[in-house]
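This report refers to the structure that appears directly beneath it.
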Amino acid sequence: MVVDDDIRNIFAMTSLLEHQKIQVLSAESGREALEMLQKNQDVDIVLMDIMMPEMDGYDTMRAIRRKKIFNSIPIIALTAKAMKGDREKCIESGASDYITKPVDTEQLLTLMRMWLKPTGDSHDR
3 MVVDDDIRNI FAMTSLLEHQ KIQVLSAESG REALEMLQKN QDVDIVLMDI MMPEMDGYDT
63 MRAIRRKKIF NSIPIIALTA KAMKGDREKC IESGASDYIT KPVDTEQLLT LMRMWLKPTG
123 DSHDR
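In our numbering, the protein residues as written are 3 to 127.
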């Protein structure tokens with residue numbers, strides 16, 4: 003699942019992931035992401051934008067982690083605001099890992115492979 007308030011970022015990430023044969027769900031807000039996760043509990047990984055209005059990525063990750071069923075889902079935080087301490091704040095908020103924008107495609111795919119369990123027939127979202 004890709005969570006980002008900028009539809010251009012969603013389009014770019016979805017295009018990249020679908021090219022890798024990955025099934026993608028997207029949400030344009032933290033609240034929408036929470037609703038989608040409730041309806042699609044088989045999501046394998048979440049790519050979470052941090053800087054979003056209303057409910058930012060930190061709040062969204064904390065809300066996801068409060069639900070026991072989503073404790074083990076990998077969440078990779080994506081942020082353009084790469085400042086000292088951001089990585090730690092993301093991890094403390096529930097991120098499994100962190101990557102800065104503009105996203106390095108190979109780095110992102112490597113992180114995703116690292117966090118996804120090799121189940122052979124997994125459909126990443």
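In this text, a Cβ means the ideal position worked out from N, Cα and C, and glycines have one as well.
Quick check on DSSP: helix, strand or coil for S124?
Taking the first residue of the sequence shown as 1, we reach residue 124 at position 122. Because S124 carries a pLDDT of 44, less than 50, the predicted location of this residue cannot be relied on, and no value is offered for it.
Extract the residue ranges of the alpha helix (DSSP H) inside the stretch 43-108, only unbroken runs of 4 or more that lie entirely within it.
Runs found: 59-68, 88-95.
May I ask which residues mark the beginning and end of the alpha helix (DSSP H) holding S17?
Sequence index remark: in the sequence shown, residue 17 carries index 15 (1-based). First-last of the alpha helix (DSSP H) with S17: 9-21.
Have a look at Q109, I93, M85 and flag the residue whose alpha-carbon is nearest the alpha-carbon of T62.
To locate residue 62, count along the sequence shown from 1; it is residue 60. Nearest C-alpha to T62: I93.
Using the Cα positions of R68 and K23, report the straight-line distance between them to the nearest angstrom.
On the sequence shown, residue 68 is found 66 positions in, with the first residue counted as 1. On the sequence shown, residue 23 is found 21 positions in, with the first residue counted as 1. Whole-angstrom Cα-Cα distance: 30 Å.
How big is the Cα-Cα spacing for D51 and S95?
As a working mapping, residue 51 is identified with position 49 in the sequence shown. As a working mapping, residue 95 is identified with position 93 in the sequence shown. Looking at the two C-alpha atoms, the distance is approximately 13 Å.
Out of M116, R115, N73, T102, point me to the one whose CA is closest to G87's CA.
Position 85 of the sequence shown, counting from 1, holds the residue named residue 87. The option with the nearest alpha carbon to G87 is T102.
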